[in-house]
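Working notes for the structure below.
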Amino acid sequence: GNISHLKGVHGLKSLRTPDLNNRHLLINVFTGSPSLGSVNLKGRSCLTLKDFSSDEIKKLLWVSGDLKHRIKHEKQYLPLLQGKSIAMVFEKRSTRTRMSTETGFALLGGHPCFLTSQDIHLGVNESSTDTARVLSGLCDIVLARVYGHSTLEELDKEASIPIINGLSDLYHPIQILADYLTLQEHYGSLSGLTVSWIGDGNNVLHSFMMSAAKLGIHLKIATPKRYQEAQRLSKEHGTQLLLTADPMEAAHGSNVLVTDTWVSYQITMQTGSVAKPDWTFLHCLPRKMEEVDDEVFYSPRSLVFPEAENRKWTIMGLMVSLLTDYSPQIPMLKF
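Take the sequence shown: its position 6, counting from 1, is numbered 6 in UniProt numbering, and each next residue is one higher.
Quick look at the structure:
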């Protein structure tokens, strides 16, 4: 099923080329999970985590954690993307998505090129089909932050290079990867955690719903909508899913409280009082006062700033995984 996602098939012969310098390091890592060691995402696009298996998501998180360790903590220089360029197409402005992608790609030795709607007006002064073909000849990968998800699907259909969803009306996969890495670091593993979403049904929630069950995470959702796809995935992966209109019911017995826009409800310490003793708080930012009060937002339980930093390490992990055959050198993360 994955072969259809592979781009630039002429490059396939280079898949899983052994890196002789790292061979001794790879052996001890792969003994942990042969299935993750053999996962290769080179040439794929990432429009939604719905398209990624449990092992593929874990591999992305492992590579992200590995890059963070080697670059941030070991102070290594890893020009894994030297000679490569990324087109960053932004219909909507952003702090975290732009900074994480631009600094991350440059840190890996590549050249980021930032394009606003004044530089490139998708589907207006040039069709998405033509833009996809033009960019395929000028750069190695595209990250597009768009209004309509169909724009990404059009780009992906025509491009011969990977396309990353930097945010659309339907999904925000790069935010969720950062959330999962943050929770893995904090709790030591992901399987068995309960995440409560309290807020409107939006692209971040949709991304949680397409991936949480694949990592063994239980989901409680307090929102006005009902979601069938989340129920199917939950059943398939044996996780619990609660859909409710009551924020306190969703928070009950939860490890992680997550919110975004829901003007009618504000998360406070009282919300957390019914959660598990080790509860933490996530927010994709920017935050509005009516969503969560200062006491929670700036408390030690709030992981929002490590979460924001992990946007950088996870987009780096994703770009490296889609463009190279890189294998992580740290032991596999516990999931």
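Note that the Cβ used here is the ideal one computed from N, Cα and C, for glycine as well. Values in this document were obtained by computation on a predicted structure and should not be read as measured data.
| message | Tell me the rounded alpha-carbon separation between residue 105 and residue 268. | response | Between the alpha carbons of residue 105 and residue 268 lies a gap of roughly 37 Å.
| query | residue 203 by DSSP, collapsed to three states: which one? | reply | helix
| query | Cα separation between residue 30 and residue 37? | reply | The pLDDT assigned to residue 30 is 36, lower than 50, so where the model puts this residue is not dependable; a value taken from the coordinates is nonetheless given after this. If you take the alpha carbons of residue 30 and residue 37, they lie about 5 Å apart.
| query | Skipping 5 residues on each side, what residues in its chain have a beta carbon closer than 6 Å to that of residue 265? | reply | 247.
| query | Just the Cα atoms here: how many angstroms apart are residue 19 and residue 119? | reply | Reliability of the predicted coordinates at residue 19 is poor, the pLDDT of 41 falling under 50, and the value obtained from them is presented with this limitation in mind. Approximately 39 Å, taken between the alpha carbons.
| Supposed contact pair residue 242 and residue 221 - C-beta distance, whole angstroms, cut 8 Å | Confirmed, Cβ separation roughly 7 Å.
| said: Please give me, in chain order, every unbroken run of the beta strand (DSSP E) with length at least 3 that falls completely inside the region 259-313. | reply: 280-283
| What three-state label does DSSP hand residue 257 in the structure shown? | Three-state DSSP puts residue 257 in a strand.
| said: Need the endpoints of the alpha helix (DSSP H) that residue 114 sits in, please. | reply: Annotation for residue 114: no alpha helix (DSSP H) segment contains it, though the beta strand (DSSP E) segment containing it runs 111-116.
| residue 330 to residue 35 span [Cα, whole Å] | 16 Å
| query | Can you list, in chain order, the residues of its chain whose CB lies under 8 Å from that of residue 334, leaving out five sequence neighbours each side? | reply | 184, 188, 189
| query | Can you name the residues that DSSP bridges to residue 88? | reply | 114, 143
| said: What does the Cβ neighbour count give for residue 74, buried or exposed, with the cut at 16 atoms within 10 Å? | reply: When all chains shown are included, residue 74 counts as exposed.
| task | Could you say if the region 106-116 and the region 83-94 meet the contact criterion of at least three C-beta pairs nearer than 8 Å? | result | yes
| Residue burial classification, residue 226 (beta-carbon count within 10 angstroms, cutoff 16) | exposed
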